[in-house]
Ligand SMILES: [Zn+2]
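Residue numbers (the numbering used here): 804 to 896.
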């Protein structure tokens, strides 16, 4: 599901927001638009990982990133606030 096969589906219709979550290892996970130049810059730091996903909105990003906490009873909307949405992502939300 998260493979990047670069096939023809890349262009045209959009089934949601294509974003990249950057786990900095300290501080809140950063949410960028996929392909944002800041991702590569941030990834140079040791211990940083990232994950691309399709999300319909901010709430969907939270539901994905914090799936474990939500399973334990935390509120998905509260957890949206724990994500650091960057301007590149906000422009698409
Ligand atoms: Zn960005």
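All C-beta atoms in this analysis are idealised placements derived from N, C-alpha and C, irrespective of residue type, glycine included.
Every value quoted in this text rests on a predicted model; they were computed, and no experiment measured them.
Item: I'd like to check one pair, residue 865 with residue 893: are the Cβ atoms closer than 8 Å?; Value: no
Item: Kindly indicate which three-state DSSP category residue 893 falls into: helix, strand or coil?; Value: helix
Item: In terms of residue numbering, what span does the alpha helix (DSSP H) encompassing residue 841 cover?; Value: 840–846
Item: How would you label residue 848, buried or exposed, when you count the other beta carbons within 10 angstroms and need 16 or more for buried?; Value: exposed
Item: Under the assumption that residue 820 contacts residue 858 (Cβ atoms under 8 Å), give the Cβ distance between them as a whole number of angstroms.; Value: 5 Å
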